[in-house]
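For reference, the structure is listed below as structure tokens.
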Amino acid sequence: MPLAEPPLLEAHGLERRFGPSAVLRGLDLSVHPGEILLVLGENGSGKTTLLRLLAGLLRPSRGHVTLEGHRLNPANVALRRRVGLLSHQSHMYDELSLRENLEFAGRLYGLSDPSTSATRAIAGAGLEQRADDRLGRLSRGMLQRAAIARAFIHEPRVMLLDEPFTALDAPSADRVRAWLTRRATGQSAIIMVTHQPAQVWDLATHVGVIAAGRWAMVEPRPSGFEAFERRYREAIRV
Amino acid sequence: MTSAIPGQSTIRRGLWLIVLSLIALAGIYVLALQHTPIEARQGLAQKIFYLHVPAAWSALLSFGLVGIVSVLYLWLQDPRLDLFAASSVEVGLVFSMVMLTTGPIWAKPIWGTWWTWDPRLTLTLLLFFIFVGYLSLRAALSDRSERARFSAVIGIMGLLLVPFIHLSVYLFRTMHPTPIVLKPSAPSLPPVMLRTVLLSFGVATLLYIAFVMVRYGMAIGQYTREEADDAT
Amino acid sequence: MSDSAGKGAMTEVDEPYFGAILAIAAKDLRLEFRGKTGLLSAVMFAALVLIIFNFSRDATLVSNVDLAPSVLWVTFAFGSVVTLNRAFHLERENAAFDGLRLAPVSRSGIYLGKFLANLVFALLVEAVTVPLFILFFDVDMSRSWPGIAGVAALATIGFVGVGTVFSAMVVRTRFAELMLPVLLLPFMVPPLIGATQATTRLLAGRPLSELWGWLRLLALYDIVFVTLCALTFWAVVDE
Numbered sequence: 003m004p005l006a007e008p009p010l011l012e013a014h015g016l017e018r019r020f021g022p023s024a025v026l027r028g029l030d031l032s033v034h035p036g037e038i039l040l041v042l043g044e045n046g047s048g049k050t051t052l053l054r055l056l057a058g059l060l061r062p063s064r065g066h067v068t069l070e071g072h073r074l075n076p077a078n079v080a081l082r083r084r085v086g087l088l089s090h091q092s093h094m095y096d097e098l099s100l101r102e103n104l105e106f107a108g109r110l111y112g113l114s115d116p117s118t119s120a121t122r123a124i125a126g127a128g129l130e131q132r133a134d135d136r137l138g139r140l141s142r143g144m145l146q147r148a149a150i151a152r153a154f155i156h157e158p159r160v161m162l163l164d165e166p167f168t169a170l171d172a173p174s175a176d177r178v179r180a181w182l183t184r185r186a187t188g189q190s191a192i193i194m195v196t197h198q199p200a201q202v203w204d205l206a207t208h209v210g211v212i213a214a215g216r217w218a219m220v221e222p223r224p225s226g227f228e229a230f231e232r233r234y235r236e237a238i239r240v
Numbered sequence: 008m009t010s011a012i013p014g015q016s017t018i019r020r021g022l023w024l025i026v027l028s029l030i031a032l033a034g035i036y037v038l039a040l041q042h043t044p045i046e047a048r049q050g051l052a053q054k055i056f057y058l059h060v061p062a063a064w065s066a067l068l069s070f071g072l073v074g075i076v077s078v079l080y081l082w083l084q085d086p087r088l089d090l091f092a093a094s095s096v097e098v099g100l101v102f103s104m105v106m107l108t109t110g111p112i113w114a115k116p117i118w119g120t121w122w123t124w125d126p127r128l129t130l131t132l133l134l135f136f137i138f139v140g141y142l143s144l145r146a147a148l149s150d151r152s153e154r155a156r157f158s159a160v161i162g163i164m165g166l167l168l169v170p171f172i173h174l175s176v177y178l179f180r181t182m183h184p185t186p187i188v189l190k191p192s193a194p195s196l197p198p199v200m201l202r203t204v205l206l207s208f209g210v211a212t213l214l215y216i217a218f219v220m221v222r223y224g225m226a227i228g229q230y231t232r233e234e235a236d237d238a239t
Numbered sequence: 007m008s009d010s011a012g013k014g015a016m017t018e019v020d021e022p023y024f025g026a027i028l029a030i031a032a033k034d035l036r037l038e039f040r041g042k043t044g045l046l047s048a049v050m051f052a053a054l055v056l057i058i059f060n061f062s063r064d065a066t067l068v069s070n071v072d073l074a075p076s077v078l079w080v081t082f083a084f085g086s087v088v089t090l091n092r093a094f095h096l097e098r099e100n101a102a103f104d105g106l107r108l109a110p111v112s113r114s115g116i117y118l119g120k121f122l123a124n125l126v127f128a129l130l131v132e133a134v135t136v137p138l139f140i141l142f143f144d145v146d147m148s149r150s151w152p153g154i155a156g157v158a159a160l161a162t163i164g165f166v167g168v169g170t171v172f173s174a175m176v177v178r179t180r181f182a183e184l185m186l187p188v189l190l191l192p193f194m195v196p197p198l199i200g201a202t203q204a205t206t207r208l209l210a211g212r213p214l215s216e217l218w219g220w221l222r223l224l225a226l227y228d229i230v231f232v233t234l235c236a237l238t239f240w241a242v243v244d245e
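Protein chains in written order, with our numbering: chain A, 3 to 240; chain B, 8 to 239; chain C, 7 to 245.
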């Protein structure tokens with residue numbers, strides 16, 4: 003879906019090593035407003051590392067990331083406001099309530115009115131009933147919705163999600179999918195790592211497969227999932 | 008001609024330099040024992056001065072270099088700088104141990120006590136512990152980049168600590184005059200003693216360079232081997 | 007959910023430096039007070055150190071007044087060390103520290119937030135320890151206590167300033183509780199000397215002029231090291 007607008011997020015020659023092993027071996031990326039990219043691949047292929055690099059949590063061993071035209075580097079801290087990451091962990095404190103966690107996050111992101119933003123995020127996640135309970139008391143599904151609220155409380159244009167559907171029961175997965183549908187506006191770009199592409203197949207605009215630290219394939223999302231699945235298995239077998 | 012294994016030539020040259028330095032060290036001993044006068048009040052024990060003071064110098068030299076190289080590492084992120092710093096710490100640790108053991112050996116016959124909280128001894132003692140802490144932390148960290156960065160921070164902070172230790176311990180001591188009659192080093196030395204001391208400073212510096220070369224060469228070799236494994 | 011995604015981001019103020027520092031410190035303190043065990047354990051530890059000091063001396067040979075400053079400062083020093091590791095330990099749950107690193111907060115800001123929380127915590131423990139100290143060692147601080155409070159603040163800033171960085175480094179190592187003192191204690195020597203000397207003089211009712219040198223030493227140490235730590239904290243935090 004070629005768009006006239008410049009890419010929101012780009013990566014050029016991304017490489018990342020952890021001590022002895024090279025997890026990403028040269029990866030390019032270009033995501034435009036309105037695009038939703040699904041990233042697939044086996045465990046250990048580098049999907050999580052890719053997201054962490056794009057969010058600025060990791061520094062690339064080589065290559066760089068560009069966010070809304072600006073290069074992501076440790077000195078340019080303010081740039082982090084434009085991206086949000088939902089990772090496997092919630093980044094929240096179990097002893098605080100959801101509301102307290104969200105207000106804290108709001109202050110970290112320099113939001114002008116953290117408590118209003120928190121209330122709005124709580125409403126968006128449908129967690130008004132439990133907003134003032136200790137976070138540690140929430141169920142898995144609620145926790146995931148809470149984590150999503152926390153990750154994107156600053157309403158960034160670039161949203162990175164690392165396996166948002168893991169261990170969610172059907173109703174919770176539905177809620178997350180509904181949230182995604184609402185957030186998938188023409189203004190934002192979403193990159194989602196998932197092991198269950200079928201769940202969000204219709205939402206996605208593009209699909210990419212990482213194998214051994216590189217793209218095995220990247221293309222606009224084909225309409226038929228089954229056909230794609232066959233090619234996917236071929237791609238990762240290489 | 009560069010050898011196939013990086014670091015090998017550095018090790019070789021370092022080993023040669025060690026041999027040379029040890030010969031020079033032996034020469035210093037001869038000078039110290041035979042050709043310098045026996046100090047009037049301290050007697051034969053004073054001869055250890057020629058070993059003690061240069062060892063302290065080398066310890067301080069290594070510490071200073073670690074601090075500077077640490078700053079460079081944080082700026083340039085070159086892993087070789089980190090390897091050099093770590094090698095320097097190990098060598099400095101050995102020199103400070105020499106200083107800390109020769110100190111009491113010297114002190115006992117002269118002052119009647121094994122240890123005094125003399126500012127220089129105290130400083131070296133604390134340097135010794137910072138060295139040990141530096142190496143312990145390195146041993147506890149497996150990620151190379153993390154290890155290098157953390158070591159660099161300790162190196163810089165350690166270097167900045169030195170003036171504060173010096174100042175505070177000195178002030179501390181002047182508040183507590185100790186019943187010591189003799190000072191460890193006389194303000195003016197006869198020329199032959201001065202010459203010997205300066206020569207031993209030179210030898211200590213050479214030894215420092217030599218040991219660091221060997222250690223650094225070993226470290227580079229190991230690092231390159233690990234990198235080669237990565238490429239597979 | 008509004009579709010102003012991104013537009014809100016543009017109208018915010020620049021990097022929320024001081025706000026973030028205070029937010030981090032406040033969050034830490036809130037967590038600590040909610041848990042309570044941390045504060046209580048630290049105070050118990052300090053009290054026990056005082057008690058052990060009492061039993062480890064012969065009161066007929068050494069007077070309280072002579073020993074008091076050392077006892078107080080050894081207690082404060084070890085008390086500070088013991089409280090430091092919790093700051094980064096609590097960030098390990100749910101990878102909360104990644105949440106801090108993701109935010110548009112500079113690394114020096116994260117350091118200062120943690121430092122502030124550690125400082126408040128350590129000062130709190132010291133404040134509770136002092137009455138016990140007066141009680142157990144029968145020390146008269148009626149006139150000197152403001153001065154001693156000031157010295158305590160200065161020295162604790164030094165302990166905690168450096169300790170915050172080191173605790174961040176050791177938090178993931180296996181023997182963090184042991185590594186921290188090994189790294190930190192050499193750095194505590196200058197402020198310890200300054201604090202003990204100043205406290206001795208304060209307890210003896212000496213004039214301020216005799217204290218100046220020590221206070222200057224403490225203040226200089228604090229400025230140099232807190233600045234250095236703030237400037238180098240990125241090396242400890244970035245991956």
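Ideal Cβ placement from N, Cα and C applies to all residues, glycine included. All values reported here derive from a predicted model rather than from experimental measurement.
Beta carbon proximity, residue i to chain B, threshold 8 Å
i	result
A/Pro224	no
C/Arg180	yes
A/Gly21	yes
C/Gly167	no
C/Val87	no
Residue burial classification, residue i (beta-carbon count within 10 angstroms, cutoff 16)
i	result
B/Tyr199	Rather than Tyr, the amino acid found at residue 199 of chain B in this sequence is Val. By the 10 Å Cβ count, B/Val199 comes out exposed.
C/Trp79	buried
C/Phe172	buried
B/Thr120	exposed
C/Leu106	buried
C/Lys120	buried
B/Val37	exposed
A/His90	exposed
C/Phe231	buried
C/Val243	buried
C/Phe24	exposed
Neighbour list for residue i in chain C, Cβ cutoff strictly below 7 Å
i	result
B/Phe157	Met175 and Val242
B/Ser143	Met185 and Val188
A/Glu97	Leu37, Arg40 and Gly41
Residue-chain proximity (residue i, chain C), Cβ-Cβ < 8 Å
i	result
A/Arg132	no
B/Leu168	yes
A/Val195	no
B/Val160	yes
A/Gln146	no
Coarse secondary structure for residue i, derived from DSSP in three states
i	result
C/Leu45	helix
A/Ala206	coil
C/Leu6	Here chain C covers residues 7 to 245 and nothing more, so residue 6 of chain C does not appear.
A/Ala169	coil
A/Asp164	strand
A/His197	coil
A/Met144	helix
B/Pro61	helix
A/His90	coil
A/Met219	strand
A/Ser174	helix
Contacts of residue i in chain C (Cβ-Cβ under 9 Å)
i	result
B/Ser69	Within 9 Å Cβ-Cβ: nothing; B/Ser69 doesn't reach chain C, min ~16 Å.
B/Leu24	Here the premise fails: no neighbours, minimum Cβ distance about 31 Å.
Contact set between residue i and chain B, taken where Cβ atoms lie within less than 9 Å
i	result
C/Gly219	Leu178
Chain A within 8 Å of residue i, Cβ atoms only
i	result
C/Leu2	With chain C covering 7 to 245 only, the question about residue 2 of chain C has no answer from this structure.
C/Leu122	no
C/Val111	yes
B/Arg151	yes
Chain-ordered neighbours of residue i on chain C, where CB pairs are closer than 8 Å
i	result
A/Leu59	Asp104, Arg107, Leu108 and Glu245
Residue i: contacting residues in chain B (beta-carbon distance under 7 Å)
i	result
C/Gly200	Ser175
Exercise. Mind the definition here: the segment 43-62 of chain A touches the segment 133-148 of chain A only if three or more C-beta pairs lie below 8 Å; say whether that holds.
Key: No, the segment 43-62 of chain A is not in contact with the segment 133-148 of chain A.
Practice problem: Count the C-beta pairs between the segment 212-225 of chain C and the segment 51-68 of chain B that are closer than 8 Å, then say yes if the count reaches three, no if not. | Solution: Because the criterion of three Cβ pairs below 8 Å is not met, the segment 212-225 of chain C and the segment 51-68 of chain B do not touch.
Quiz item: Quick check: the segment 200-207 of chain B against the segment 75-88 of chain B, are there 3 or more CB pairs under 8 Å?
Solution: Cβ pair count under 8 Å is below three, so no.
Exercise. Determine, using beta-carbon pairs with one atom in the segment 85-99 of chain B and one in the segment 206-219 of chain B, whether at least three such pairs fall under 8 Å.
Key: Counting Cβ pairs under 8 Å, three or more are found: they touch.
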